[in-house]
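Counting from 0, one number per residue, gives the positions in the sequence shown under numbering that gives the first Met the number 0.
Worksheet for the structure shown next.
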Amino acid sequence: MSVTPLRAQDEVVELCRDLIRIDTTNTGDSATSAGERAAAEYVVAKLDEVGITDAELIESEPGRANLVARIPGADRTRGGLLVHCHLDVVPAEPAEWSVHPFSGEVQDDYLWGRGAVDMKDMDAMTLAVVRQWMRDGTTPPRDLVLAFVADEEAGGRKGARWLVDNRPELFEGCTEAISEVGGFSLTVRDDLRLYLIETAEKGIGWMKLTARGRPGHGSMVHEDNAVARLCEAVARLGRHEFPIVMTKTLRAFLEAIGEAFEVELDADDIEGTIAKLGSLARIVGATLRNTANPTMLDAGYKANVIPSSATAVVDGRFLPGQEEEFERQLAEILGPDIEREWIIKDQALETSFDGPLVEQMAAALKAEDPGAQAIPYMLSGGTDGKSFQRLGMRCFGFSPLRLPPDLDFAALFHGIDERVPVEALRFGTRVLDRFLLSS
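Here it is as structure tokens:
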């Protein structure tokens with residue numbers, strides 16, 4: 000198999016810069032979100048330039064644009080492979096950044112900007128690969144479906160989830176899918192880098208908590224205060240440490256980590272093993288247990304008025320197989336006086352780390368990095384894989400990047416000064432090309 004042409008490796012940087020410069024901020028409110036249609040139109044134009052003229056641009060509502068294209072494979076009797084990428088990004092405050100978050104500047108061998116790792120890098124790598132294929136007349140081994148979607152950062156209700164609910168025929172025949180937050184490296188030593196392939200995600204349980212009480216004057220003695228009742232419940236929840244649950248993905252990950260770092264896994268100190276991973280411990284550490292973090296509070300309208308209700312928003316995440324147990328835990332912690340309403344509730348995701356697709360990921364990484372070893376892991380956050388799983392696909396996170404050993408990769412997601420190494424983009428393009436041509 001030939002090495003990915005230099006043109007694609009060079010073009011990926013340009014494509015990623017262009018996408019970063021299109022402000023696709025998703026505030027969670029369509030009225031204040033921006034740019035998703037402009038980004039989708041950019042991708043349509045780049046596909047059209049090389050002969051992919053049937054990409055379908057679909058709006059779930061005005062401005063919330065998604066596009067789907069299918070590249071026919073050599074063997075159309077096989078199940079198709081979906082590559083899904085989101086075009087939206089979380090907000091960024093320019094005053095906090097070293098460079099403007101939508102400038103797409105290249106400095107110190109990095110490409111800087113909001114979306115550089117989440118996930119316009121994968122958008123660009125996918126575009127660079129398929130554009131090169133079209134120029135060369137290359138046909139993938141099986142149908143390849145490309146989906147560039149809106150609204151992932153707010154749960155996908157205007158993007159992947161909407162497409163699955165309203166246009167499932169676009170993904171007909173797809174049996175497997177790849178997307179973000181997997182395939183990145185963790186350096187163990189000069190001759191060994193672990194590449195973490197995402198095979199599982201925690202479920203999402205964003206909830207609104209409400210406490211009710213008797214309203215009254217703030218100057219009086221008051222024993223039925225909704226604000227106090229809510230704060231007590233939220234404090235209990237925020238302090239609570241949920242028990243560790245050993246999922247099959249966590250066990251496989253820990254065994255691989257123990258072998259690579261030559262440390263014996265202490266079943267009584269799993270968190271100590273995770274701590275050896277440095278900055279990556281923040282991502283992996285949250286996959287040990289269910290979590291519930293209070294994030295927003297709202298109550299009252301005047302200093303001397305005790306309100307009749309108070310509300311809080313909590314970001315809850317539950318492990319695969321733990322949905323019912325998580326609800327039981329919440330009820331026990333919060334007590335009967337706190338009302339709970341789901342804002343977004345979405346299933347956890349978990350697949351096994353085996354089969355031809357996994358072998359092809361590992362082989363593609365190894366071909367570009369002889370020190371590569373692919374291992375499974377669970378993502379503490381969520382991706383659009385949750386939506387596509389509903390169509391029966393096995394979903395993986397595979398957005399390959401070889402990272403510098405000292406880069407705090409976890410801090411870049413939704414963080415200030417988000418950036419991706421230029422050479423990592425080129426590496427990822429080569430790996431993705433090899434993988435897709437062998438899959």
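Note that beta-carbon positions come from the ideal geometry of N, C-alpha and C, so glycine has one too.
Item, Value
"Pairwise C-alpha distance: G50 and M133", "7 Å"
"Alpha helix (DSSP H) segment containing L5, residue limits", "5-20"
"Own chain, CB closer than 7 Å to P403, minus 5 neighbours either side, in chain order", "P420"
"Minimum C-alpha distance to P375 - residue among A159, A285, E197, G237", "E197"
"Top-ranked residue by Cα proximity to A153, from R141, G204, V128", "G204"
"For L406, three-class secondary structure by DSSP", "coil"
"Under 8 Å between C-beta atoms of D87 and N25", "yes"
"Proximity below 8 Å, CB of R6 to CB of G103", "no"
"Paired residues, beta bridge with E222 - DSSP", "E222 pairs with nothing; no bridge assigned."
"C-alpha gap between R130 and R113, whole angstroms", "24 Å"
"Residue span of the alpha helix (DSSP H) that contains Y41, given as start and end", "35-48"
"Euclidean distance between Cα positions of A309 and D297", "6 Å"
"Buried versus exposed call for T31 [16 or more other C-beta atoms within 10 Å across all chains shown]", "exposed"
"Rounded separation between E179 and R213 - CA only", "48 Å"
"Beta-carbon spacing of S398, D120 below 8 Å", "yes"
"Cβ neighbour criterion (16 or more within 10 Å) applied to S184", "buried"
"Length of the line joining the Cα atoms of R350 and R393", "Note that residue 350 corresponds to Thr in the displayed sequence, not to Arg. Spanning the two alpha carbons is a distance of roughly 6 Å."
"Euclidean distance between Cα positions of I57 and A115", "25 Å"
"Opening and closing residue of the alpha helix (DSSP H) in which V419 lies", "Note, V419: premise wrong, no alpha helix (DSSP H); beta strand (DSSP E) at 418-420."
"M121 - partner residues in DSSP beta bridges", "Beta-bridge pairing links M121 to no other residue."
"Beta-bridge pairing of S102 - partner residues as DSSP gives them", "S102 pairs with nothing; no bridge assigned."
"8 Å contact criterion, which G289 and Q321 should meet: CB distance rounded", "Correcting the residue type first, residue 289 is Asn in the shown sequence and not Gly. Indeed they touch by this definition, with Cβ atoms about 6 Å apart."
"V128, DSSP secondary structure in three states", "helix"
"Of the listed residues D268, T186, K275, nearest to A373 (C-alpha basis)", "T186"
"C-beta atoms of M206 and V43 nearer than 8 Å", "no"
"DSSP bridge partner residues for Y300 (one or two, in chain order)", "BP columns for Y300 are empty, so no partner."
"Sheet register partners of A210 (DSSP bridge)", "A309, I337"
"Member of L406, R63, L126, W96 whose CA lies at the smallest distance from the CA of D9", "L126"
"Cross-strand partners of F147 (DSSP beta bridge)", "L66, C84"
"Start-end ranges of the beta strand (DSSP E) lying completely within the region 353-380, minimum 3 residues", "371-378"
"Cβ pair L173, M118 closer than 8 Å", "Going by the sequence as given, residue 173 is Cys instead of Leu. Going by C-beta atoms, C173 is not nearer than 8 Å to M118."
"Classification of T428 by the beta-carbon crowding that lies within 10 angstroms, buried from 16 upward", "buried"
"DSSP-derived helix/strand/coil call for K344", "strand"
"Given V220 as reference, the closest of E270, V262, E200, I305 once Cα atoms are compared", "I305"
"For W161 and I415, believed in contact at Cβ under 8 Å, the rounded distance", "No, I415 and W161 are not in contact; Cβ-Cβ is about 31 Å, not under 8 Å."
"Proximity below 8 Å, CB of F101 to CB of D150", "no"
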